[in-house]
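These protein sequence lines map, in sequence, to chains A and B.
Numbers given in the working numbering equal positions in the first sequence, counted from 1, plus 39.
Numbers given in the working numbering equal positions in the second sequence, counted from 1, plus 39.
There are 2 protein chains.
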Amino acid sequence: MQPDRVHVESSVGYALKQAAAALRGAMDTALRPLGLTVPQYACLELLGSSPGLSAAELARGAFVTRQSMHAVLTGLEQRGLLARPPAAPRGRALPTQLTERGVAVLDEASRAVARVEQRMLGALASTDDVARLHRDLVACAEAVASADDVATRG
Amino acid sequence: MQPDRVHVESSVGYALKQAAAALRGAMDTALRPLGLTVPQYACLELLGSSPGLSAAELARGAFVTRQSMHAVLTGLEQRGLLARPPAAPRGRALPTQLTERGVAVLDEASRAVARVEQRMLGALASTDDVARLHRDLVACAEAVASADDVATRG
DNA sequence: GAGCGTATGTCAGGCTGCTGACATGCAGCC
DNA sequence: GGCTGCATGTCAGCAGCCTGACATACGCTC
Chain A
40 MQPDRVHVES
50 SVGYALKQAA
60 AALRGAMDTA
70 LRPLGLTVPQ
80 YACLELLGSS
90 PGLSAAELAR
100 GAFVTRQSMH
110 AVLTGLEQRG
120 LLARPPAAPR
130 GRALPTQLTE
140 RGVAVLDEAS
150 RAVARVEQRM
160 LGALASTDDV
170 ARLHRDLVAC
180 AEAVASADDV
190 ATRG
Chain B
40 MQPDRVHVES
50 SVGYALKQAA
60 AALRGAMDTA
70 LRPLGLTVPQ
80 YACLELLGSS
90 PGLSAAELAR
100 GAFVTRQSMH
110 AVLTGLEQRG
120 LLARPPAAPR
130 GRALPTQLTE
140 RGVAVLDEAS
150 RAVARVEQRM
160 LGALASTDDV
170 ARLHRDLVAC
180 AEAVASADDV
190 ATRG
């Protein structure tokens, strides 16, 4: 069946937005006691798993523009949670590193977000379901992103 | 296994955000030729399936605040795509209806978005997978939303 | 070496959406 | 009837994020 119209009740896209909005709200409330916003947390988490990322790479990983990430990095740097070299060792990219305090804050924030995610995934029956959901979401993202590329370039 | 930390590569929440961001971008490019933003389209689609919704109900359905929806409604009303009575027939809620032009614009927009969603779902193997993804997303949204309620109220 | 394309960092301006606040209308309970 | 609680519509103010622009640095080609 190839529906040529969207129906709100059965639309996967609508359910996707619904789940993303709910997760965003829950993360906001979980991170507020730590004084972190979701973009700030995303930045820390990316740096935790991939130290030395540049601002542009962080921006792509957090789904924001370079300019927005620039503001996030400035704030986190002033709070002493991360450090950047004053000059670029190669090209223009400034490799960013978490400070000791940044690692500590990330550790606490990551645990808080993990609890939220666990509660969300409690709605699923088995770990197989979780793995399949993850795989399907990544596949959907790639499919629709490539389609967007075609539309943008064409 | 109960991970107490988030790992970007395996996080369902990250994949969810990724898919939602990609879908949002693709919808933006698909709707731009029609002169519609995503919130405007969402408003039309909700009215199409449920005529007579109030601004507050539309806001909840589109995952924005009443204030944002108010601005969307004002714009669409000036373009003649929807109509609201000058006075509330009951309480304060103003039941909103699509105009003939609004129905026509929605029809075209809905087809464009359906094409995007079809391309996204092309990444999945069967219609069973689509149905399961839809069901799992709705379940996740409910689970994390109720958790957020508890956190907010407590 | 010169030129072009691309990627990055950064600044300025504007637009969107949110928080906070207030007035209005309905339902409940005393 | 009067009061409280709640939902809705609307206004003002503010933060966040984006678009546009520019300078710089690398890789490639000629």
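Glycine included, every Cβ here is placed at the ideal spot set by N, Cα and C.
Residues of chain B whose Cβ lies closer than 8 Å to the Cβ of E84(A) are, in chain order, V45, V47. For D43(A), there is no enclosing alpha helix (DSSP H), as DSSP marks it with neither H nor E. Nearest C-alpha to R174(A) among D167(B), A170(B), A162(B): A162(B). The continuous alpha helix (DSSP H) containing G87(B) extends over residues 77 to 88.
Interface flag for V111(B) against chain A is unset, since no Cβ pair is found closer than 8 Å. In the three-state reduction of the DSSP assignment, A132(A) falls in the coil class, being assigned neither a helical nor a strand state.
Of all residues in the region 134 to 156 of chain A, only S149, R150, V152, A153, V155, E156 come within less than 7 Å of chain B when Cβ atoms are compared, listed by chain position. For E147(A), the enclosing alpha helix (DSSP H) stretches over residues 139 to 160. Short of 8 Å from the beta carbon of G87(A), and not among the five residues preceding or following it, lie these beta carbons of its own chain, in chain order: L137, V142, L145, S149. In terms of CA proximity to M159(A), L176(B) leads the group L176(B), E147(B), L112(B). Under the three-state reduction of DSSP, A122(A) is assigned to strand. Nearest neighbour of T104(A) by Cα position, chosen from A65(B), V77(B), A178(B), A60(B), turns out to be A60(B). The three-state reading of DSSP puts S93(B) in coil, since its state is none of H, G, I, E or B.
Taking all protein chains shown into account, A122(A) has fewer than 16 neighbouring C-beta atoms within 10 Å of its C-beta and is therefore exposed. In this structure A95(A) is not in contact with P78(A), their Cβ atoms being roughly 15 Å apart against a cut-off of 8 Å.
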